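Chemist: Read left to right, the sequence shown gives residues 270 to 423 (the numbering used here). All C-beta atoms in this analysis are idealised placements derived from N, C-alpha and C, irrespective of residue type, glycine included. Just so we're clear, the structure is a prediction, and the values are computed from it rather than from any experiment.
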Amino acid sequence: MSITLEQIDELRKRANVSYNDAKEALEASNGDVLEALVYLENHKKVDTKTYSTITEKAKKLIKKGNETSFIIKKRDKIVTNIPVTIAVGITVIAPHISVIGVGLSLVTGHKIKFEGKNGEDMKINKTMDQVSKTVDNIKDSIIEKKEKDNTIIE
């Protein structure tokens with residue numbers, strides 16, 4: 270029986286094997302794709318890592334997100350403290366509201382912080398502090414300009 274390129278492609282797609290392995294399996298199974306899959310499994314040539322690797326990485330990412338907190342504070346009072354996983358979920362579901370909420374939080378003097386497991390400080394907090402300072406500086410310069418404009422009018 271002749272083996273077609275379509276059979277090889279199908280086997281490569283299903284088993285994630287090389288052209289050579291797919292051809293060898295099809296030859297050993299007389300062109301039967303199902304038998305070729307069984308052949309590859311029996312010879313430990315099927316790459317099953319792809320799905321399980323992605324699943325494991327996703328599980329680790331979710332676990333780390335659940336262990337990391339997204340915190341919004343005003344002075345020293347915690348206003349919001351939720352897992353990063355939930356914060357990301359809210360951002361995906363309602364991105365406009367999330368951006369507006371974070372923006373308003375910064376403008377109204379709230380501080381945004383990420384806290385790891387056991388309260389450990391995260392590297393991103395330095396960036397968040399810089400963003401807060403920049404927003405405060407912009408806000409102060411707007412207020413200062415407005416006060417100057419009001420002084421000139423009086």
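Counting pairs of Cβ atoms below 8 Å between the stretch 400-413 and the stretch 366-385, do you hit three or more?
Modeler: yes
Chemist: What first and last residue would you give for the alpha helix (DSSP H) that runs through residue 365?
Modeler: 364-376
Chemist: With DSSP collapsed to three states, give me the class of residue 340.
Modeler: strand
Chemist: In three-state DSSP terms, what is residue 351?
Modeler: strand
Chemist: Quick check on this structure: which residue in 350, 363, 315 and 333 has the alpha carbon closest to the alpha carbon of residue 381?
Modeler: Of 350, 363, 315 and 333, the residue nearest in Cα terms is 350.
Chemist: With respect to the beta strand (DSSP E) encompassing residue 380, which residues constitute its N-terminal and C-terminal limits?
Modeler: 379-384
Chemist: Return the residue from the list 408, 274, 293 and 314 that minimises the CA-CA distance to residue 284.
Modeler: 314
Chemist: Does the Cβ-Cβ distance between residue 302 and residue 336 come in under 8 Å?
Modeler: No, the Cβ-Cβ distance between residue 302 and residue 336 is not below 8 Å.
Chemist: Just the Cα atoms here: how many angstroms apart are residue 504 and residue 385?
Modeler: With the chain running from 270 to 423 in the structure shown, residue 504 is simply not present.
Chemist: Quick check on the DSSP output: the alpha helix (DSSP H) that includes residue 282 runs from which residue to which?
Modeler: 274-284
Chemist: Does the beta-carbon of residue 327 have 16 or more other beta-carbons within 10 angstroms, so that it is buried, or is it exposed?
Modeler: exposed
Chemist: Nearest CA to the CA of residue 390: which residue from 367, 338 and 312?
Modeler: 338
Chemist: Under three-state DSSP, which class holds residue 390?
Modeler: Taken through DSSP and simplified to helix, strand or coil, residue 390 comes out as strand.
Chemist: Please classify residue 298: is it buried, with 16 or more other beta-carbons within 10 angstroms of its beta-carbon, or exposed?
Modeler: buried
Chemist: What first and last residue would you give for the alpha helix (DSSP H) that runs through residue 290?
Modeler: 288-297
Chemist: Note the first and the last residue of the continuous alpha helix (DSSP H) segment covering residue 307.
Modeler: 302-311
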